[in-house]
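Data block below; observations after.
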Amino acid sequence: MRFAAAMAALGPFEAPPRIAVAVSGGSDSLALTLLAARWAAARKGAVLALTVDHGLRDGSAEEARQVGTVLAGHGIAHRVLTIAVARPSGVQAAARAARYEALEQAAAEAGILHLLVGHTAQDQAETIRLRADRASGADGLAGMAPIVERRWVRLLRPLLGMRRSDLMATCRAAGAAWIDDPFNRDPRFARARLRLEGRAVLPTGVVAARRRRNARQAVVADRLARHVEVAAEGYAVADLRALVGAPG
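Residues 8 to 255 (my numbering) are what the sequence shown spells out, left to right.
In structure tokens:
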């Protein structure tokens, strides 16, 4: 019920819906895939699970195959995306960028507009704390947005209001074993250090910052709706003077 409500807030979706889900094999993304598959099946839709193998750890290819085996047991289509990532000092950032590029391209090639990722309430708190430590402004303190319009896909985060413990319970109830990523406990990485230190607590000002960002996004959406017309052929016509100077 909670997941269906979260998805409703991320719509609209076509009928029947076609959804891609990024699944690493961890409890969060595995639970997301199971929940998304049930949600789609109830609407006569389909889910494609995508696992990215960066090759950064020994055994990653075998782990990706294990994920496929678990999902096959639940009748969920699965594809492994093997990519090469250089190993600069910022290896996590490089891996993240390459991962999203591969996921978005795979979804687009499959003709899927909606890509779900498994960021949870805990991930949100960690992200905001890390941005606060870097003195981010209002957008940083607002945290990760539930909907992001990317080049080829709509990036959706339906788990931002859910706890990791609940997602683990979802996996257990389904008999789906997840994989623990040792990078999540490696103190060389900022997010892992934050978890180990127990500092993932939301700083003050978060709610106000989120409201300001949401208000700005609402203004942009309203202006686009009133002053941009999308033609059936795929191009758009915009009244730039009204778009830039519209009140609100």
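From the three backbone atoms N, C-alpha and C, an ideal C-beta is built for every residue, glycine too. All values reported here derive from a predicted model rather than from experimental measurement.
1. Starting from the C-beta of Cys178, find all residues in its chain whose C-beta is less than 8 Å away, skip the five residues before and the five after it, and write them out in chain order.
2. Would you decide whether Asp173 is buried or exposed? Buried here means 16 or more other CB atoms lie within 10 Å of its CB.
3. On the premise that Ala27 lies in contact with Leu162, defined as a C-beta separation below 8 Å, what is that separation, rounded to the nearest angstrom?
4. Count the other CB atoms, across all protein chains shown, that sit within 10 Å of the CB of Arg9; report buried if there are 16 or more and exposed otherwise.
5. For the beta strand (DSSP E) that Ala183 lies in, which residues bound it at each end?
6. Would Thr58 and Val74 qualify as a contact pair, given that the criterion is a beta-carbon distance under 7 Å?
7. Since Asp130 sits in a beta bridge, which residues does DSSP pair it with?
8. To the nearest angstrom, report how far apart Met169 and Arg248 are at their CA atoms.
9. Around the C-beta of Gly180, are 16 or more other C-beta atoms found within 10 angstroms, so that it is buried, or is it exposed?
10. Does DSSP classify Ala152 as helix, strand or coil?
11. Is it right to say Ala243 is buried, meaning 16 or more other beta carbons lie within 10 angstroms of its own, or is it exposed?
12. Taking the alpha carbon of Arg45 as the reference point, which residue from Gly32, Thr127, Leu250, Arg25 has its own alpha carbon closest?
13. Alpha carbons only, please: which of Ala176, Gly150, Ala114, Leu166 is nearest the one belonging to Ala12?
The short version:
1. Ser34, Leu37, Ala38, Leu41, Ala184, Trp185
2. exposed
3. Between Ala27 and Leu162 the Cβ distance is about 10 Å, and since that is not below 8 Å, they are no contact.
4. exposed
5. Unbroken run through Ala183: none, as it is neither H nor E.
6. yes
7. In DSSP, Asp130 forms no bridge with anything.
8. 42 Å
9. Looking at the sequence itself, residue 180 is Ala, so the reference to Gly does not match. So Ala180 counts as exposed.
10. coil
11. exposed
12. Arg25
13. Leu166
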